[in-house]
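J.:
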């Protein structure tokens with residue numbers, strides 16, 4: 001039985017449809033990703049699955065509890081790490097965890113034991129009595145990761161878990177996510193607009209665009225859809241018709257004067273290709289990435305920019321305003 | 001048990017935050033003392049109210065003022081909680097919105113009551129040092145004063161939370177609450193007797209729930225009042241029930 005099952009989930013804000021008929025199943029124990037550009041409807045989906053928003057129509061079951069009929073059942077089954085910091089920075093790390101344990105009605109003894117365990121898991125034991133104010137962005141995320149796991153949820157939701165973090169902290173967080181998925185045996189749902197993140201972490205992922213699933217499979221299988229390798233050519237006046245005739249060219253996307261081709265055995269065939277195209281300004285060849293998959297399905301690229309007012313930026317705003 | 005633990009959790013957090021924000025505690029004690037000594041001393045030198053020293057006269061008013069300000073402005077913390085995602089962390093926990101509201105009310109009221117106790121002690125000290133005259137404390141009057149201040153606190157913390165639960169920005173909250181706080185304070189008769197007011201002000205004064213808190217406090221601390229203690233308490237309790245019900249409703253309808 002799937003741990004999450006959504007059926008034609010729809011959320012409208014006025015005339016705008018944020019989530020447009022989402023149906024998917026997440027299996028127990030897997031790391032499942034929702035990948036898409038900003039505004040694709042990932043966070044809205046997450047808000048519905050975590051009972052913070054009611055769907056306009058459609059249903060979803062989380063740990064076999066209906067998200068509308070039994071929100072309390074859902075809440076007891078899940079842990080969440082939100083996109084923006086959701087710990088209180090005037091409290092210490094330990095106090096934030098204690099507060100969480102109280103909110104989840106954990107008996108004092110179990111609570112203290114779990115605080116110890118999750119602090120260990122996210123390597124914050126020796127900083128537990130420092131105010132969260134004095135944590136780095138990465139440490140704060142780790143604390144919230146640990147907190148989300150504290151009450152033994154069946155599923156943990158991570159909304160853009162590395163948004164706004166520096167590259168080193170990002171990889172660090174990835175390691176923790178893989179570790180907790182193994183050690184705590186919890187199902188993990190991640191939303192992200194970083195392809196590398198989805199590729200590295202997810203067992204399966206749904207690519208979402210404009211509120212709809214455009215593809216759903218394992219990263220490996222998704223990349224197979226693009227076919228062999230990707231060659232990007234910059235050409236002034238491309239002769240697309242004659243390129244199409246080459247039997248090793250699987251697919252052609254044209255965007256801003258750049259041709260993106262899916263090609264079998266690119267290394268062997270590139271000279272033949274260049275013979276047909278004639279003079280090119282530049283050539284780039286790489287194995288397919290999830291960005292190519294997204295381009296394949298939508299004709300656009302996932303922009304590599306952070307959401308407006310990201311994680312670290314908001315901490316700074318919050319502090320300066322406070 | 002579930003809900004009680006949730007209420008305790010919210011209270012625990014608010015109290016820890018209160019203890020950490022030393023400047024807030026200091027300001028909430030120093031400001032009323034300035035009002036009492038500087039404003040009261042200054043104005044008292046040229047204004048006289050029959051039968052009572054002016055500083056003593058405004059002492060109950062200043063107590064209510066401090067409770068009013070700190071209680072209503074406590075509502076801004078929920079706006080800050082929303083500004084970061086802390087509010088989501090609480091809303092997604094398996095406790096009811098009503099419990100969150102109750103926890104917040106107890107949290108905010110604890111802060112105000114600690115200030116009230118300190119201010120009562122300050123009043124007692126000032127009286128003993130002869131800096132103000134005419135305040136008579138007995139264990140009985142202190143107990144009654146604390147009950148009156150408690151009802152006032154819970155009412156206005158609830159009111160502040162109602163506003164906070166519906167506001168997106170701290171600036172918006174400041175704007176709305178200032179519009180409320182100053183008329184409430186000035187019309188309440190905290191700084192002047194209300195029996196000889198111009199005819200057009202009088203109805204507004206009678207509509208101000210704070211008027212009855214000030215009058216009740218004056219009754220138990222100074223032994224002077226416009227209305228009977230029972231009448232004052234009655235009106236205060238009606239207002240209390242009203243804002244608590246509205247507050248519960250506001251939290252149920254509160255968006256993330």
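Residue numbers (the numbering used here), protein chains in the order written: chain W, 1 to 322; chain F, 1 to 256. Glycine included, C-beta positions come from ideal geometry on N, C-alpha and C.
1. Measure from the alpha carbon of residue 195 (chain F) to the alpha carbon of each residue in F:215, F:123, F:42, F:62, then state which is nearest.
2. CB-CB under 6 Å to residue 231 (chain W), same chain, minus the five flanking residues each way: which ones, in chain order?
3. So is residue 31 (chain F) in contact with chain W if we call contact Cβ pairs under 8 Å?
4. Please return the same chain residues whose Cβ sits closer than 7 Å to the Cβ of residue 234 (chain W), not counting the five positions on each side in sequence.
5. Mind pulling the chain W residues with CB within less than 7 Å of residue 135 (chain F)?
6. Residue 140 (chain W) and residue 85 (chain W) look like a contact to me (Cβ under 8 Å); what is the Cβ gap, rounded to whole Å?
7. For the segment 8 to 19 of chain F, list every residue whose C-beta sits within 9 Å of some C-beta in chain W, in sequence order.
8. Considering Cα atoms alone, identify which of F:227, F:109, F:94, F:89 is closest to residue 261 (chain F).
9. Quick test of the definition: if touching needs 3 or more C-beta pairs under 8 Å, does the segment 22 to 33 of chain W touch the segment 202 to 218 of chain W?
10. Within this structure, are the beta carbons of residue 60 (chain W) and residue 52 (chain W) separated by less than 8 Å?
11. Name the two residues that bound the continuous alpha helix (DSSP H) containing residue 165 (chain F).
12. Thinking just about the alpha-carbon of each residue, which of F:220, F:11, F:235 is nearest to the one in residue 138 (chain F)?
13. Could one say the Cβ of residue 76 (chain W) lies closer than 8 Å to chain F's Cβ atoms, at least one of them?
14. What is the rounded straight-line gap between the Cα of residue 217 (chain F) and the Cα of residue 181 (chain F)?
15. Hey, how far is the Cα of residue 104 (chain W) from the Cα of residue 145 (chain W)?
16. Given this structure, state the Cα-to-Cα distance separating residue 4 (chain W) from residue 246 (chain F), to the nearest angstrom.
17. Look at the Cβ atom of residue 212 (chain F), then the Cβ atom of residue 236 (chain F), and state whether they are nearer than 8 Å.
18. By a C-beta neighbour count over all protein chains shown, 10 Å radius and 16 as the cutoff for buried, is residue 234 (chain F) buried or exposed?
19. Return the first residue and the last residue of the alpha helix (DSSP H) that residue 271 (chain F) is part of.
20. Hey, would you say residue 180 (chain W) sits closer than 8 Å to residue 121 (chain W), going by beta carbons?
21. Counting only beta-carbon atoms, is residue 168 (chain F) nearer than 8 Å to chain W?
22. Expressed to the nearest angstrom, what Euclidean distance is found between the alpha-carbon atoms of residue 18 (chain W) and residue 10 (chain W)?
23. Going straight from the alpha carbon of residue 312 (chain W) to that of residue 209 (chain F), what length do you get?
24. Could you pull the start and end residues of the beta strand (DSSP E) that residue 5 (chain W) belongs to?
25. Note down, in chain order, every chain A residue with its Cβ under 8 Å from the Cβ of residue 51 (chain W).
26. Three-state secondary structure (DSSP) at residue 61 (chain F)?
27. So which residues of chain F does residue 95 (chain W) contact, with C-beta pairs closer than 9 Å?
28. Determine, for residue 86 (chain W), whether the minimum Cβ-Cβ distance to residues of chain F falls below 8 Å.
29. Decide if residue 65 (chain F) is buried, meaning its Cβ has at least 16 other Cβ atoms within 10 Å, or exposed.
30. Taking 8 Å as the threshold (C-beta atoms), are residue 80 (chain W) and residue 92 (chain F) in contact?
31. Where are the beta strand (DSSP E) runs, 3 residues long or more, that stay fully inside the segment 38 to 84 of chain W, in chain order?
32. Let me see if you follow: with CB-CB separation under 8 Å, is residue 90 (chain W) close to chain F or not?
33. Just grab the DSSP bridge partners of residue 17 (chain W) for me.
34. Tell me the rounded alpha-carbon separation between residue 1 (chain W) and residue 216 (chain W).
35. Where do the ends of the beta strand (DSSP E) carrying residue 192 (chain W) lie?
36. Quick check on this structure: which residue in F:101, F:94, F:99, F:105 has the alpha carbon closest to the alpha carbon of residue 100 (chain W)?
T.: Taking the definition as stated:
1. Nearest C-alpha to residue 195 (chain F): F:215.
2. Contacts found: 261, 263, 266, 285.
3. Not a single C-beta of chain W is nearer than 8 Å to the C-beta of residue 31 (chain F).
4. Listed in chain order, the non-local C-beta contacts of residue 234 (chain W) below 7 Å within the same chain comprise 257, 258, 280, 281, 282, local neighbours out to five positions each way being set aside.
5. Ordered by position in chain W, no residue passes the 7 Å Cβ test against residue 135 (chain F), which lies about 36 Å from the chain.
6. Between residue 85 (chain W) and residue 140 (chain W) the Cβ distance is about 6 Å, and since that is below 8 Å, they are a contact.
7. Against chain W - using a Cβ distance shorter than 9 Å - the residues of the segment 8 to 19 of chain F are 8, 9, 10, 12, 13, 16, 17.
8. Examination of residue 261 (chain F) is not possible in this model, given that chain F is present from 1 through 256 alone.
9. With a cut-off of 8 Å, the segment 202 to 218 of chain W and the segment 22 to 33 of chain W count as touching, because enough Cβ pairs lie within range.
10. No.
11. Segment 139 to 166, the alpha helix (DSSP H) holding residue 165 (chain F).
12. Nearest of F:220, F:11, F:235 to residue 138 (chain F), Cα basis: F:220.
13. Residue 76 (chain W) counts as touching chain F.
14. Approximately 19 Å, taken between the alpha carbons.
15. Each residue's CA atom was taken as its position, placing residue 104 (chain W) and residue 145 (chain W) some 16 Å apart.
16. When only Cα atoms are considered, residue 4 (chain W) and residue 246 (chain F) end up about 36 Å apart.
17. Yes, the Cβ-Cβ distance between residue 212 (chain F) and residue 236 (chain F) is below 8 Å.
18. That one is exposed.
19. The question about residue 271 (chain F) has no answer, for chain F in this structure spans 1 to 256.
20. Residue 121 (chain W) is positioned such that its CB atom lies closer than 8 Å to that of residue 180 (chain W).
21. No, residue 168 (chain F) lies away from the interface with chain W (no Cβ there is under 8 Å from its Cβ).
22. Their backbone Cα atoms lie some 8 Å apart in a straight line.
23. With a pLDDT of only 45 at residue 312 (chain W), under the threshold of 50, the placement of this residue in the model should not be trusted; the figure read from the coordinates follows. Residue 312 (chain W) and residue 209 (chain F): Cα-Cα distance of roughly 44 Å.
24. Looking at the DSSP string, the run of the beta strand (DSSP E) that includes residue 5 (chain W) is 4 to 13.
25. Of the chains in the structure shown, none is chain A; the protein chains are W and F.
26. DSSP places residue 61 (chain F) in helix when its eight states are reduced to three.
27. The answer, in chain order, is 12, 13, 16.
28. At least one chain F Cβ lies under 8 Å of residue 86 (chain W).
29. Answer is buried; the Cβ neighbour count reaches 16.
30. Closer than 8 Å, so yes.
31. List check, beta strand (DSSP E) in window: 57 to 62, 78 to 81.
32. Under the Cβ criterion of 8 Å, residue 90 (chain W) is counted among the residues facing chain F.
33. W:12.
34. So the alpha carbons of these two residues sit roughly 18 Å apart.
35. Bounds of the beta strand (DSSP E) holding residue 192 (chain W) are 187 to 192.
36. The option with the nearest alpha carbon to residue 100 (chain W) is F:94.
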